[in-house]
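Numbering (our numbering), first residue to last: 1 to 456. Beneath this line is the structure, given in structure tokens, with notes to follow.
Shown next as structure tokens:
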């Protein structure tokens with residue numbers, strides 16, 4: 001074992017333990033990323049690129065060992081990232097569904113990959129499946145950029161003998177503001193947060209979708225519906241949100257709440273919405289001890305893989321004639337208040353308890369809807385002989401019935417949305433209808449001054 005491996009081996013934080021508990025007991029807890037690539041995709045070149053990123057990122061060269069009360073990252077014994085080749089005409093969505101429902105064996109490694117090639121169109125898909133304990137959507141997108149960059153170099157004949165290794169991120173707990181890590185102030189914030197959450201849960205009693213079928217956890221599967229917004233509609237949505245003094249995130253939440261709440265068939269519907277928020281600008285990225293040979297302190301880089309995001313719950317009452325844009329502004333305002341109170345950090349610190357609660361009541365999920373939106377993806381399209389045509393991601397959602405999630409990216413001017421949900425609690429037919437209704441709702445609010453709940 002090298003000195004670098006010793007430094008990267010450590011116990012899982014509370015948040016990381018929660019992710020591993022969900023991986024072990026909720027079917028799967030992975031993030032699947034999909035890149036549509038035009039160019040001469042070679043299994044050998046992809047294999048070499050995967051080997052290089054595994055050398056660069058310590059968490060890709062880690063596995064999870066130990067019992068439930070003492071889980072640790074360990075480098076020794078980690079397998080090479082498995083690469084599977086699908087060389088026949090198989091729709092990429094079928095491969096993604098297979099990956100979403102295939103558990104990561106964390107005792108062996110934390111990532112696997114599939115290359116789906118099509119000889120007819122010189123277009124293929126690189127699909128990676130990564131344990132959620134080490135990655136969020138934005139980290140995964142940057143990892144795909146890195147893989148494509150290495151593929152370009154390898155295809156160009158560049159000999160890559162040295163790979164600058166990154167130090168593993170410390171637990172996200174260690175990156176939180178000092179006021180949240182310890183002391184009286186942090187404890188008070190935690191108590192106030194849970195007091196507010198308990199009060200709102202009791203007061204609102206938020207609804208979830210009616211289950212079409214209820215089966216044990218081991219019989220549940222993750223379903224997915226993929227839709228894309230055309231460039232014109234995507235830009236129109238961005239512009240309209242600015243005019244209405246709200247955000248695209250809030251508009252997506254409002255559209256999903258409108259559509260989902262209509263399925264509940266009440267004139268007054270109390271609902272909750274979980275928004276995934278990026279923590280990168282809110283964490284303390286000051287230098288911390290790192291494995292540098294010259295004794296200097298390593299600075300945390302945003303190139304590192306990690307779960308640098310957390311969820312904020314908002315609560316709403318939808319009545320007949322509730323305004324779409326008023327609801328979107330309400331979502332935005334509640335998120336703003338939660339961020340100002342540092343609620344986002346408390347959910348990170350308490351995630352192990354939250355995971356246990358989710359497993360104890362899986363049919364309630366984490367709200368009626370969840371929206372995770374990485375926004376505009378600022379990575380290149382061209383990598384020598386390879387052109388990235390689209391990129392999206394999908395978190396697994398097998399266990400939790402009664403709710404559904406949208407994972408959103410915007411690349412090359414087009415918004416891509418992957419809706420994930422638990423089958424058979426919600427059928428694919430139901431989700432296809434709801435996904436199309438959400439897109440229709442977004443198109444309608446861009447054409448009209450406003451729309452109202454309960455109309456149409």
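Where is the CB? At the ideal position from N, CA and C, for every residue including glycine.
- Counting C-beta pairs closer than 8 Å gives fewer than three between the stretch 390 to 398 and the stretch 146 to 160, which falls short of the contact rule.
- Within the model, the alpha-carbon separation for residue 331 versus residue 204 is close to 15 Å.
- The continuous beta strand (DSSP E) containing residue 124 extends over residues 123 to 131.
- Annotation: the continuous alpha helix (DSSP H) that includes residue 51 extends over 43 to 56.
- Distances from the alpha-carbon of residue 307 to those of 131, 23 and 409 put 131 closest.
- Residue burial annotation: residue 178 is exposed, with fewer than 16 other C-beta atoms found within 10 angstroms of its C-beta.
- In chain order, 31, 372, 374, 393 and 407 place their CB closer than 7 Å to the CB of residue 137, counting only its own chain and leaving out the 5 sequence neighbours on each side.
- Looking only at 429, 423, 309 and 97, the smallest Cα-Cα distance to residue 173 is reached by 309.
- Of the residues 434, 86, 17 and 143, the one whose Cα lies closest to the Cα of residue 264 is 434.
- Classified as exposed, residue 360 has fewer than 16 neighbouring CB atoms from the shown chains inside 10 Å of its CB.
- The closest CA to that of residue 418, considering only 13, 12 and 97, is found on 97.
- Distance from the Cα of residue 344 is smallest, within the candidate group 326, 328, 314 and 325, for 314.
- The distance from the Cβ of residue 101 to that of residue 425 is about 14 Å, inconsistent with a contact at the 8 Å cut-off.
- Under DSSP, residue 394 shares a beta bridge with 32.
- Here residue 240 has 446 as same chain residues with Cβ atoms under 6 Å from its own Cβ, once five neighbours each way along the sequence are excluded.
- From the listed residues 62, 107, 105 and 114, the smallest Cα separation to residue 86 is found for 114.
- Residue 421 is bridged by DSSP to 223 and 404.
- By the neighbour-count definition (other C-beta atoms within 10 Å, threshold 16), residue 244 is a buried residue.
- In this structure, the straight-line span from the alpha carbon of residue 105 to that of residue 59 is close to 14 Å.
- A distance below 8 Å between beta-carbons, with the five flanking residues on each side excluded, links residue 405 to the following residues of its chain, in chain order: 369, 370, 371, 372, 395, 397, 419, 420 and 421.
- Judged by beta-carbon spacing, residue 36 lies within the 8 Å limit of residue 123, meaning their Cβ atoms are closer than that value.
- Scanning the stretch 86 to 169 from its first residue to its last, the whole beta strand (DSSP E) runs of 3-plus residues come out as 111 to 118 and 123 to 131.
- Within the same chain, 112 come within 6 Å of residue 82 by CB-CB distance, once the 5 residues on both sides are set aside.
- Excluding the 5 residues flanking it on each side, residue 221 has same chain C-beta neighbours closer than 6 Å at 101, 398 and 423, in chain order.
- Taking every protein chain shown into account, the CB of residue 337 has fewer than 16 other CB atoms within 10 angstroms, so this residue is exposed.
- In chain order, 142 and 166 place their CB closer than 7 Å to the CB of residue 303, counting only its own chain and leaving out the 5 sequence neighbours on each side.
- Within the DSSP bridge table, the entry for residue 431 names no partner.
- Spatial neighbours of residue 18 in its own chain (CB-CB distance under 6 Å, excluding positions within 5 residues in sequence) are listed in chain order as 351, 352 and 355.
- Secondary structure note for residue 239: its alpha helix (DSSP H) is the uninterrupted segment 231 to 243.
- The C-beta separation of residue 125 from residue 383 comes to about 15 Å, leaving the pair out of contact by the 8 Å criterion.
- Contact annotation: residue 400 and residue 362 have beta-carbon atoms nearer than 8 Å.
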